[in-house]
Each structure stands twice: as structure tokens, then as C-alpha cells.
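Only one structure is covered here, and it is reproduced in the block below.
There are 4 protein chains.
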Amino acid sequence: MEKTTAILLFSCPDQKGIVAAVSGFIARHNGNILDADQYSLQPENMLFMRVEWDLEGFTLGRGELEEAIAPLVKRFGMHWKIHLSDYMPKVAIFVSRHLYCFHDLILRHRMGEFKAQIPLVISNHRDIEPLADFFGLACRYYPITLENKDQQEKREIAELEREGIDLIILARYMQVLSAAFVDRYPGRIINIHHSFLPAFAGKSPYRQAYERGVKIIGATSHYVTEKLDDGPIIAQDVIRITHKDSVDTMKLKGKDLERTVLSKAVRLHLEHRIATYGSKTIIFE
Amino acid sequence: MEKTTAILLFSCPDQKGIVAAVSGFIARHNGNILDADQYSLQPENMLFMRVEWDLEGFTLGRGELEEAIAPLVKRFGMHWKIHLSDYMPKVAIFVSRHLYCFHDLILRHRMGEFKAQIPLVISNHRDIEPLADFFGLACRYYPITLENKDQQEKREIAELEREGIDLIILARYMQVLSAAFVDRYPGRIINIHHSFLPAFAGKSPYRQAYERGVKIIGATSHYVTEKLDDGPIIAQDVIRITHKDSVDTMKLKGKDLERTVLSKAVRLHLEHRIATYGSKTIIFE
Amino acid sequence: MEKTTAILLFSCPDQKGIVAAVSGFIARHNGNILDADQYSLQPENMLFMRVEWDLEGFTLGRGELEEAIAPLVKRFGMHWKIHLSDYMPKVAIFVSRHLYCFHDLILRHRMGEFKAQIPLVISNHRDIEPLADFFGLACRYYPITLENKDQQEKREIAELEREGIDLIILARYMQVLSAAFVDRYPGRIINIHHSFLPAFAGKSPYRQAYERGVKIIGATSHYVTEKLDDGPIIAQDVIRITHKDSVDTMKLKGKDLERTVLSKAVRLHLEHRIATYGSKTIIFE
Amino acid sequence: MEKTTAILLFSCPDQKGIVAAVSGFIARHNGNILDADQYSLQPENMLFMRVEWDLEGFTLGRGELEEAIAPLVKRFGMHWKIHLSDYMPKVAIFVSRHLYCFHDLILRHRMGEFKAQIPLVISNHRDIEPLADFFGLACRYYPITLENKDQQEKREIAELEREGIDLIILARYMQVLSAAFVDRYPGRIINIHHSFLPAFAGKSPYRQAYERGVKIIGATSHYVTEKLDDGPIIAQDVIRITHKDSVDTMKLKGKDLERTVLSKAVRLHLEHRIATYGSKTIIFE
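Going line by line, the protein sequences match chains H, L, U and A. Using my numbering, you'd call the opening residue of the first sequence number 1 and step up by one each time. Using my numbering, you'd call the opening residue of the second sequence number 286 and step up by one each time. Using my numbering, you'd call the opening residue of the third sequence number 571 and step up by one each time. Using my numbering, you'd call the opening residue of the fourth sequence number 856 and step up by one each time.
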């Protein structure tokens, strides 16, 4: 049986006594710290911390946590969030016609890699239908054109809200989301881009890599911000290629990268291991 | 100007309140935690922790630390050590005829990668002389034969004690140290072995790798224990090879690995980032 | 439209004039060499070569190749094989209860990564049934016990022969094949082992890796020979782990490795890019 | 004793019979091919080939090679070059104040990794003096200012010509060479840039990487062309970093990369394993 835990993720100006205060708070209520990690960003003097403790024997009830932590929050000026490990975040996956990332995510979900529910799959193409059926996933189709984009996005958002979606994964979704959409889910939309960002942002990164003659290609998973392929990077990986690689063989090799990198980013997010600060992520691994 | 810090490294049976007690102790004496990392090994239920704090404004003097921490040590049953960052550990390097690891260590030392002094170099061959001269390093020669090994080791140990050596680095030292020698420096002798241990322990690992037809070769840095190539592993790295690689080209490629892996292990040790438990290391990176 | 090509793979004692003779043979019959690669193993003085040419305009018919090449074969004492790229090799996949490698192979097959047919899936467990059904794959069940192993293997072999299977993939098949079985398919059975061989051969490699405290884990794909986990290695890959990794998280991380490494080995085999010599493979990539 | 070999490196429009003609030419003069590699770039339909053969027993003298090969060259429209393995190319190293790449190159040269002579070291700073002295290398100082750049480059070129330099290595030389200089040594100046190009070209790449928050940093070795950091890439490598890495620790980690990548590029060049085509390199490894 897995333990039920609480995860406190916070940031605040760094000063003496924070770790003592936070761990003291947990100890006073009989909590056992399982994992604690912190990072002090300099010269900004910002502290980022993640602490996870066992809820067994913890003397505060779930409803009491927020009030109990309030004095700490106030004293240090924390931005904070508490996550309980038995809450299963709700994930929506957006997909177009390249289905390998989607398929991989679903497989990993089935194998228990992600603690999450996937109540919603959204696509602008019907290609996904047989696969969604096989896996018993609800799938909604919103074909996007230049004319209907605004309207379709509104429908998508309505759907996302209805389902109470916590995280959106763009699993090779070939549409750029509008700023209005992105603003609605800050730090809650994860994209996979098939290059080693910031190299080869935008269209056809493998084609760009081929033209430039690089010896290594990559994949980058990042939070989506208004500016294309520019959000905080969560995970990256690369593989070697040679002059023998065509754009097609790059695509083939890149698939493995994309899958691995996207799933890693999703797992980190679902385990509340990511803090963001400007264009950066702090990963508590 | 770099900060002067204290680093507390300890292990003890895991229980509630340890982090709170330790961070509380530091906070009470006005210390600012710069870095804290911990790991709870299960099912052994052992906690390993490394905490580093700024000594500026810390109200305890160096001489008072031990006494002040005693109640904590007693309460939790800690094995512990405190290191002050302004102490420069004394390192001895043992070397034979392959000098590239030695040369690399000295270069890194010169470039400021290691906070340490190197008062002593020991070799069983004279090959090192011009290099040691150029770098202005004291070098002692103890040629080892089957007959004189005991006696020579005793002389080496006497030398090591005279210099107050804290860490011994075997930089491709081609002699096996006796159990008596090893026992004298538990967790304080670092070796580099040119294979991905536990594969290809012992002699001629590249030859072994060639015979087996592996596609990847490696290097391993580890603490020396009585059993050859069997001590706790600190760092490992690998590179790809192909069928085209001969034993000679493996040696060539392996050199880069050996240098990088050995220097990484040395740096981790000198920064007090390593805890050992049985055959394992916990690396607080 | 992809070109139809012929691939000549041969080995023979190395001597002057072989490349000239082989490429002259192809040129004389109006063939255009698309790819040629060779390797001279020393001191064994064995030449291994793979040459692929376009069949368009080639003046020899398929039925005439063997006879036409006979003088070359005789002159140089070649062991040889010619493969035509429009023949789709028949692959059988053996699987037990861990289905992720199987699932991955099928997905890659669907995405066109493998030029092959998969007429047969063999399992000793029923777990695979829904997946095989979804993908429309014929699946045969041969539960193995100590008592029935001989008999079941005979049935499996009969099935393999009936289907004219060219290649057997053990996709985490948890049974050791008998020597009699292995002898029947020399260089035609590919296994995936979840360690960096020769480290951690045999049972529970992740458990072994955990106990030893390594910092890197691996996966190895190899041809199956009589001796367990000892056949010629085709492909290997590794990933870093830390002291925080449990056997369970190693398994999780290892899955990605196993899939990538196995599929790479299968692709190399299907593209006739592998020559074997004793315990080694020559990979013409 | 190492064999004396000839290496023919050529490119030409691809057509049937080239390999046969080239290998036939070698065989007719009793040459034994040790290594042959080719690549057909599509859709450009350009063939690149490298073939190396043993000169023992080869019936053509050194002075006869050019004339003997002329018909082949004419027939296929080859751009070509023949290198003899017993010619020791003359290398000049340019360096500024960061000496670790220089030091590494010299060490490798000493250890026999490069078949080359290093008759000339050029620097715009005196920092290198003790090191050059220790290694017994002739060093020339040409401090560069905005005003004297043209003049100093002319002096450098005169020096390079006097020594008959074949290859120039910019080992962290912090000056941009003028177009006039670069034009004089096309495909014969190798630079190391401390980023994964094309990401972070230009100044302070580690700073740029830090600002962008990437999870991997790299180094790139490339031929120098008129456009800064834009020439054909020879070798690249990367390492993982985390949010904990500052610009300083990136610099530290990057040093290992830079050294390895630069030395790899130099070795490939000295072994005549590189063909260039536009912005690309074909590496015959």
C-alpha cells in the first residue's frame, strides 16, 4: 500500500529560519518528512522548496491545513500550494494526426506511471478514433480553421472546465493555442517540441536541423506561454545523428526522444516537482 | 569573496522531527541554510542528511560546535561529521606510469576545481619526475616488488601520516594496496577503474570488453575496500564504441572517461557530498 | 516509391582485390551501389562486407544471382547471403506477462519502422489476448512447466516452421529456450536483457544493480546462444540513476531503454546490417 | 610498426561504376584496401568517398599517383585529394587567456593522439608563456587592437606561410578572424564554440543558456567561415545541467566538453575523415 502524503511547494524571499519553521510546523503536528528539497536562487535571493510528508499520524485534518499554515505563509511571504497524493489530477490530452506520443502516454498511464485521470481527449482530426475507442477514452473533435478558431477554442475551454481539467498535454497537437487560451491555464499546459530548444523553434525542426548539419538532435518539453516554443523548459534530451540521417530518419529517431521527454515532463508535473520562475524551472527530483 | 560555511553530514535511524531539530538548531544560532538534502533509505529506515549553512552571523564559534550538537547526536543516534569550508583537505596522489589522470587532476587543481592541497605525490616509477617538477610538486618514489611491498607500504603510510593526508587518490596506480593499508583509510581512498563495474573487474578491462564484444565501455570511480574493484561506487560514465574499436582505440577513448569520472568523484568527496552505506553511496549533489 | 535493392552480406579471409571484384561484378551488370561498408578484423584477417545496390536496370534476374556470384564466392572463400529488399521477413514474437516491449514492437511495426510481417505471436500466458485481438494478431498459447517444456517447445517449433518464420524476438519472454530450440535458429533469435551485459546476467538484474549500488543501468539486445545472456551483443544503451532509485523506479526507467534497444536490434537485423563472428557483431550502420 | 597508407578523399556526381572503378584502380596496382566508406547525398546526387589502402606492395610511386589517377578524375568529374599517412601535417594553435583547451591539445599530442607537428603557437596574450616553455613550443605574440588588427593578421599569415601550416586550431582564441584571413584557409581553420550550435551563437553562450533555462549544454567544433559560428559542424557533444547550475559551474562542466569535442574534430581532420558540402560535413568514421 502506498502512503498518503502531503506535498508543500512554495517560494519566498530567502532568509534565515525558513527550513526550521517549515519542518518545525510538520514535526509539531507529528508529520514524518519523507523528502525535502530546496533551492536558493541568487542573486534574486528567492527560496524554492518542496517538502513531502507522510499523513499517517499527522494531527491536522485536510480541511485544517490551509488555516494552520497561514502564519508561516504570512511570516515569510510565501507563494505556496499543498497537494495531497491521493488526489488524482485530471488531464486532457490534445492531439492531431501524429499519434505516437498520445499512444505512449496512454500506455504509460495504463502501466501506472502517471497518477492521474484522463477524462478528456481533444483532437482536430478523426484519426485518433479507433485508438481512443480501444482504450475506452472519451474523445472530442474540434477541427480548427482560420475562421472558427476562436469559437472552437471557446468550446474546448468549456469542455475543459466542465471536466475540471488540471493539466493539458499537447501531444504533438499541431495548432498554436491563442493567448487567451494560454492565459487561462498558466503553468498547466505542457508541450513537446521536436528540437533542442532554443535551436530550431517553430516549424519543421528536423528539416531545420538537416539544413544546418548538426550532429545531435533533441526534444524539449516545456510549459506553454504566449510566445511560441518559448516557455519554461521542463525536460530535454538529445541523440546523436550523422550525415547519413535524412529528415525521415531523424523523425524516426526523434519519436523515441519525444515520447521519453514528454512523459518525463508530465510525470514531474503530476508529482508536483516543478517550480517556475520567469523562463526557468526548478526541478525537485 | 566566497562564503565560509559549515557542512553537517550525518546518518541515523529515521524518525519524525529530525529535519526540524537540525534546522532548528541552526536557526537558533542564527545560521542561514544554503543547501540541505536528505535521503531515507528503506526498508533499512536509515536517514542520511547533508546540510550546509553560512557561518556569517552564526553565533557558535568553531570550538563550540561539537559540544553544542551533542544533544542532537545523542537524541537521534547520529553518526556525524562537521566540515568547515575554509579547511583545505590534504590530498596525496598515487601514480604509476600512465600519467594522464595525474596530469588532469593537477590541471584541474590549478584551475581551481578542487578546494584542496596536494602536499604529496607517490609513485612506484620515476616517469612522473619531469611533470612533478614542472608543477612544483613533492614526489616520493617507492618502487614495489613482491618482496618489499610490506616495507614500502609502511614507509608510504609514515609519509602520509607525517603530511596529515586526508584523502588518497589512486590515479591509475597499478598496485593493489594491502588490506592493512586500506583499513587505515576507510572511505578515504578513491580509485579509478577503466570499466563499467561490476563488468570487467580486475586486469585489462578494455581487453575483456573487446573479447566480449560490448557496444559501450565505461569508467568507474569508487572507494577502495579490501576486495579488488568492489568498493562503493561514486561515479560512472560510459561511451559508445563499435566493432571498429580495437583495444588501443578503446584505451584512447577511455582516457577521457577516466579523467572526467575520477575528477568528479574527487570533487564530490572534497565537497563532502558523499555518504556511504554498505556497498552504496548516497551522493548529495 | 522506395527502390528495390539487393543486399550482399559476406565474410571471407581478407586479401587484395575483394572490393574491386565485388563492385566490378555489380558494375558489370549495371547495378548502382547505394551503400557499401566493410570491416577487416585483425589479427584474424577476416573481411566482413555489406553492399547494397539498386536493382533498377540491373541486368541479372533474381534467379540468376546465385549462379552469377558463384565464381566470386569460390575465388575468395566467401560465406555469403543475398537479401532482396522486397522480401518481407516473417517474424514471431515470444512474450510472457510484461507486455510493454511487445506493445512497442507492434506500434513501431504499424508506424512502418520494420519491414516485416508478424504472422505469429507466442505466449505462455493469456495476458496478451486483448492486445493481440486489438492489433489483429494471431496468438498461440503454450504454457510452459518443468514437465511439458520439451513437448511445448516442439509444438512451438512446428508452428514456427509452418509459418516459415525468419526471426524470433523474445520480447521479455521469461522462459529459457532449450539448447535444441536455440540450435535450430542460430543468429535468428533476438533477446532483450535488462542490464548492461556482461554485468548482471541472469535473474533480477535491476535487483542486482540496486544491491551493487551502480550509478548507471542498461539494457542489452543480443542473439540467443546456448549459454544464458551470453550471445553476440547487437545493441546496448544506458541511463543514469541515483541512490534515490529503488528497484521499482529502475524498472520504470529501464522500460524505455529496453524498448529502444530491442527495437534498434530488430531493425538492424531486418535491414541485414549485422554480421556475427564468435561472440562479436559487426554492425554496418 | 604502423603501415604507410594512402587516403583518397573525393566527391563527384553519383553514377554507376564509381566504386568499381576506384577499387579496380587500387587493385590493379596491387593495393590492399584497409578501409572504404562512401555516402551518396540525395537529392543532390553527389557521391562522397574515402578509401584508404596499404602502400606496401603498391606498384605506383608517390610521384606517379596524380598522373595515374587523372583518367578516373576526368571520367567522373571528381574533386579529390590524396593524403599519405607518413606526412605529418603542420598545425598552428591560436590561443588567448583560457588555456585549458590548448593544454589539452598539447597533452594529447604528447600522448600520440594526433599525427601532426605543432611548429607554431600564436597568442594575443603572454599568459601562455610558461606553458609553451615547459612544452618547448615556439610561441608568437600578436596582441590585437581595433587599430592594429589588419596589420597583425598580416604578420600572422606571413608566419603561417613561412611555417607551411596546414591546419589552424582556434583553442578558445577570443578574436574574430577577418574574412580575408578566413578565405585564405578554407576548411582549414577549426574552432570550438562553447554551446550546442546553432543555439547560443556569439558571446557568452553559458550566460545565454543560463538565462534561457535549458537543461542541457553543449559544445560545437566547426570549420570557420566568414559568418560567425556558422561554419560546417564537425563534432558536438552535450551534458545535462540542472537549475542548480550557475554560469560558473556551467563553465566548469563545459570545459570537459570543449576539450573532448575540439580534440575529436582535430583528430577527424588530421585523419582526413571529413568532407564538407555547403553547411554540412560528411564524417567517415
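For every residue, glycine included, the Cβ atom is placed at its ideal position computed from N, Cα and C.
Non-local C-beta neighbours of Y755(U) in its own chain, meaning closer than 7 Å and more than five positions away in sequence, comprise I738, ordered along the chain. Distances from the CA of D245(H) to each of R207(H), A219(H) and P130(H) were compared; the closest alpha carbon is that of R207(H).
With the rule of 3 Cβ pairs closer than 8 Å, the stretch 264-281 of chain H does not count as touching the stretch 300-314 of chain L. Under the three-state reduction of DSSP output, E448(L) falls in the helix class.
Residue pairing of E857(A) in beta bridges, as defined by DSSP: absent, with no partner found. Nearest to N45(H) by C-alpha distance, out of N317(L), V406(L), S325(L) and I429(L), is N317(L).
Judged by DSSP in its simplified three-state form, V467(L) adopts helix. In its chain, beyond the 5 residues on either side, I7 and H272 have a beta carbon closer than 6 Å to the beta carbon of H83(H).
DSSP places Q460(L) outside both helix and strand once states are collapsed to three, so it counts as coil. By the rule that beta-carbons nearer than 8 Å mark a contact, S849(U) touches chain L. Here F379(L) has I407, L455 and Y458 as same chain residues with Cβ atoms under 6 Å from its own Cβ, once five neighbours each way along the sequence are excluded. Inclusion of L1112(A) and A1064(A) in the CB contact set at 8 Å is not warranted, their separation being larger than that value. Linking P13(H) to V182(H) through their CA atoms gives a straight-line distance of about 28 Å. From the beta-carbon of A769(U), the residues of chain L found nearer than 8 Å are F481, L482, P483 and A484. A443(L) and I1137(A) have their alpha carbons spaced roughly 57 Å apart.
Taking I735(U) as the centre and dropping the five residues before and after it, the same chain places the C-beta of K660 and A662 closer than 6 Å to its C-beta, in chain order. By the CB criterion at 8 Å, I688(U) and K500(L) fall outside the cutoff. With a cutoff of 8 Å on beta-carbon distance, M648(U) and K685(U) are scored as not near each other. By the C-beta density criterion, R50(H) is buried, having at least 16 other C-beta atoms within 10 angstroms. For the 8 Å CB-CB criterion, G472(L) and D514(L) do not form a contact. Nearest to R829(U) by alpha-carbon distance, out of Y711(U), L669(U) and R598(U), is L669(U). The beta-carbon of V874(A) is placed less than 8 Å from the nearest beta-carbon of chain U.
Taken through DSSP and simplified to helix, strand or coil, H839(U) comes out as helix. Residue range P205 to R212 is occupied by the alpha helix (DSSP H) that includes E211(H). Between the C-alpha atoms of L747(U) and S849(U) there is a straight-line separation of about 19 Å.
Within the model, the alpha-carbon separation for I961(A) versus F990(A) is close to 8 Å.
With respect to the C-alpha of H507(L), the residue from A417(L), L416(L) and N476(L) having the closest C-alpha is N476(L).
The beta carbons of A484(L) and A769(U) sit about 4 Å from each other, so the pair counts as a contact at 8 Å. For G539(L), the secondary structure class from DSSP, reduced to helix, strand or coil, is helix. Counting the other Cβ atoms within 10 Å of the Cβ of T290(L) gives 16 or more, which makes it buried.
Taking the Cα positions, P641(U) is about 35 Å away from K936(A). At the C-beta level, E622(U) and D605(U) come within 8 Å of one another. In terms of beta-carbon proximity, F957(A) stays away from the interface with chain L, with every pair separated by 8 Å or more. DSSP places F333(L) in the uninterrupted beta strand (DSSP E) bounded by M331 to D339. In this structure, DSSP gives R473(L) a state outside helix and strand, which the three-state scheme calls coil. If you check the CB distance, S1118(A) and R963(A) come in under 8 Å.
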